[in-house]
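Colleague: One structure follows; several queries about it will come next.
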Amino acid sequence: AQKVTQAQTEISVVEKEDVTLDCVYETRDTTYYLFWYKQPPSGELVFLIRRNSFDEQNEISGRYSWNFQKSTSSFNFTITASQVVDSAVYFCALYGNSGGGADGLTFGKGTHLIIQP
Amino acid sequence: SAVISQKPSRDICQRGTSLTIQCQVDSQVTMMFWYRQQPGQSLTLIATANQGSEATYESGFVIDKFPISRPNLTFSTLTVSNLSPEDSSIYLCSVVGQESTGELFFGEGSRLTVL
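What follows is the structure, encoded as structure tokens:
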């Protein structure tokens, strides 16, 4: 069984602070993929990043960075110099392909990030 | 990336009625997924819809309550039947962006409120 845990239900920071969203996962698959999605108040889900289990290199994209630690089964997401527009719910998700073919993602419960001006 | 359009974007319905949500994709896709997001909750997969076959439902979801159609490779509908306030949720259609990695693209969602 797969499981994604986002222990932080809600985080509130002041604009320009750095903030890290935690994600811990469980899977028996040796090959799997991890995702982060952003859901702003408008409701749509925006794909942010995909990381496969064989690639533990950290990734940086502008103010966003991701830290994949296979040893601790974590895939944390950091926003540097946060902005009000970053306010959203962020979901971590997992896909394991042991069954062959896509059968949907397992989502964490989400972290509601509030950036105060 | 695929462009996914959902209709309606939001609706308010009376208890006991049904609502059909449409999902249109701008390219042909093999699999389409329907998710539910209850207020303040994460996303839960309802069913997988393949063209030409019956949808595959996840545990806790049944065809009588959530009938799905998939008439072609670019379109699907999800009906939520015999509505109750507990059905108030966002319903999201999604398609596979890259099958080998499970990456999904999502529609804008259909926000349903049942009175």
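Protein sequence lines correspond, in order, to chains F and U.
Residues 1 to 117, numbered by this note's numbering, are exactly what the first sequence covers, in order.
Residues 1001 to 1115, numbered by this note's numbering, are exactly what the second sequence covers, in order.
Here a beta-carbon is modelled for each residue, glycine too, at the ideal position from N, C-alpha and C.
Tell me, please, whether the CB atom of Phe35(F) is closer than 8 Å to any CB atom in chain U?
Modeller: Translated into the one-based positions of the first sequence, residue 35(F) becomes position 35. Answer yes: the Cβ-Cβ gap between Phe35(F) and chain U drops below 8 Å somewhere.
Colleague: Could you check where the beta strand (DSSP E) with Cys23(F) kicks off and where it finishes?
Modeller: Stepping through the first sequence from its first residue, residue 23(F) is reached at position 23. That residue, Cys23(F), is in no beta strand (DSSP E); it is neither H nor E in DSSP.
Colleague: Can you give the beta carbon distance from Gly1107(U) to Cys1023(U), rounded, assuming they're within the 8 Å contact cut?
Modeller: As a first step, residue 1107(U) must be located in the second sequence, where it is residue number 107. As a first step, residue 1023(U) must be located in the second sequence, where it is residue number 23. The pair is a contact, with the Cβ atoms about 6 Å apart (cut-off 8 Å).
Colleague: So, with DSSP's three-state summary, where would you put Ser1069(U)?
Modeller: One-based indexing of the second sequence puts residue 1069(U) at position 69. If DSSP states are grouped into helix, strand and coil, Ser1069(U) belongs with the strands.
Colleague: Report all residues from its chain with a CB closer than 6 Å to the CB of Pro40(F); omit the five preceding and five following residues, and keep chain order.
Modeller: By one-based count along the first sequence, residue 40(F) stands at place 40. Only Ala88 meet the Cβ criterion.
Colleague: From the DSSP output, read off the bridge partner residues of Asn58(F).
Modeller: The count along the first sequence starts at 1 and reaches residue 58(F) at position 58. In DSSP, Asn58(F) forms no bridge with anything.
Colleague: On the criterion of 16 or more Cβ atoms from any shown chain inside 10 Å, does Thr1070(U) qualify as buried, or is it exposed?
Modeller: Position 70 of the second sequence, counting from 1, holds the residue named residue 1070(U). Rather than Thr, the amino acid found at residue 1070(U) in this sequence is Arg. Classification for Arg1070(U): buried.
Colleague: Any C-beta of chain F sitting closer than 8 Å to the C-beta of Thr1017(U)?
Modeller: Counting from 1 along the second sequence, the entry for residue 1017(U) is found at position 17. No, Thr1017(U) does not count as interfacial toward chain F.
Colleague: Determine the chain U residues that contact Gly108(F) at a beta-carbon separation under 8 Å, and present them in chain order.
Modeller: Numbered from 1 along the first sequence, position 108 holds the residue referred to as residue 108(F). The answer, in chain order, is Ser1042.
Colleague: When the Cα atoms are used, what is the spatial distance from Trp1034(U) to Ile115(F)?
Modeller: As a position in the second sequence, residue 1034(U) is number 34, starting the count at 1. As a position in the first sequence, residue 115(F) is number 115, starting the count at 1. Cα to Cα, Trp1034(U) sits roughly 31 Å from Ile115(F).
Colleague: Just curious, the beta strand (DSSP E) that Ile1050(U) is in, first and last residue?
Modeller: Within the second sequence, the letter at position 50 stands for residue 1050(U). With the sequence shown as reference, residue 1050(U) is identified as Asn, and Ile is not the correct amino acid for it. From DSSP, the beta strand (DSSP E) with Asn1050(U) extends over 1043-1050.
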